[in-house]
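Heads up: take any position in the sequence shown, counting from 1, add 116, and you land on our numbering. Each residue gets a CB set at the ideal place from its N, CA and C atoms; glycine is no exception. Have a look at the structure below before the remarks.
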Amino acid sequence: MYYPSFIYYNCFEPSNNEIPSLKSYDIIEDKILAGDGILNDIGTCSVGFWARLQPDKNFIATAGHCHAPRNYYLLPWNSTSTALIGRMKNYFREPIDFGLINIENSDVQPVPSVRNTDSARYKELFIKDIIPVSSNGAHLCLSGIESHVKCGYVVALNGFTSDGIYFLENTFVVNLRSIPGDSGGSVFSYKNLMDVSLNGILSGGLDNFNDNINENINDNINDNINDNINDIIGVITISSILKQVKNLEVVTAP
């Protein structure tokens, strides 16, 4: 059993919780991809995945500690342009770190893909399914607004943590480095060079180096990035998200 402390940064076959998307998004200007940034006047986090509640209610999934009472705006990689998305009206701080941003602007459209635009050939990675992580040593990757895409290995399963206020369960630990702003970003595994499986979303870096876990989350948003980089991250599992949020579905690529 692993007992991590989190530093929060703001910064198989399809299951019944997967909805293949059949729409073409090539002509849409403001596409929302997993790993893009989401910005408000408090800080920045990252997109985890496109979520849906029937009938046809669409959301952007991210970390719950990214909650703010104001509108969120889309911030793609290497961009200063923003487009309105909407507000986060539903979120959890425990037992999972998870939130849903309402899509209130018809000019933006989520797509079931992970942003990977640093790659010359595979700029979008298609989310084909959702798969729980079941073993240590599994190779997983993160897509976030600051880190872009980077990968590591699972070092612990079934972890839980508390900062003295909130208790998180069903987390797993990956030995890769995250940066403030990556919170909420998608955690995935490759099926091939173009297709991926969604495994969860980033909750935060693990506090292995200091005792700052009781700091107010918002105090961490604007801290110097170089002082807030960690080599181990905590991930909220996709299975715990779907268990907690009844009838939530992950939209996947056909």
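Beta carbon of residue i nearer than 8 Å to that of residue j
i      : j      : result
Gly202 : Asn221 : yes
Leu155 : Leu191 : yes
Ser263 : Ile243 : no
Glu365 : Ala167 : yes
Asp298 : Leu241 : no
Cys182 : Gly301 : no
Whole-number beta carbon distance between residue j and residue i, since they are thought to touch under 8 Å
i      : j      : result
Asp245 : Thr353 : That belief does not hold up - the Cβ atoms of Asp245 and Thr353 are roughly 15 Å apart, past 8 Å.
Gly260 : Val290 : Not a contact, Cβ separation roughly 13 Å.
Gly320 : Gly350 : 6 Å
Leu284 : Asp213 : 6 Å
Ile357 : Ser313 : With 8 Å as the limit, Ile357 and Ser313 do not qualify as a contact, their Cβ atoms being about 14 Å apart.
DSSP bridge partner residues for residue i (one or two, in chain order)
i      : result
Tyr188 : Gly202
Pro226 : Ile148
Cys182 : Bridge partners of Cys182: none, in fact.
Phe242 : Ser229 and Asp311
Gly316 : Thr353
Tyr207 : Gly215
Cβ neighbour criterion (16 or more within 10 Å) applied to residue i
i      : result
Leu309 : exposed
Thr196 : exposed
Lys362 : exposed
Ile281 : exposed
His255 : exposed
Lys239 : exposed
Asn194 : exposed
Asn252 : exposed
Ala179 : buried
Asp157 : exposed
Ala177 : buried
Arg186 : exposed
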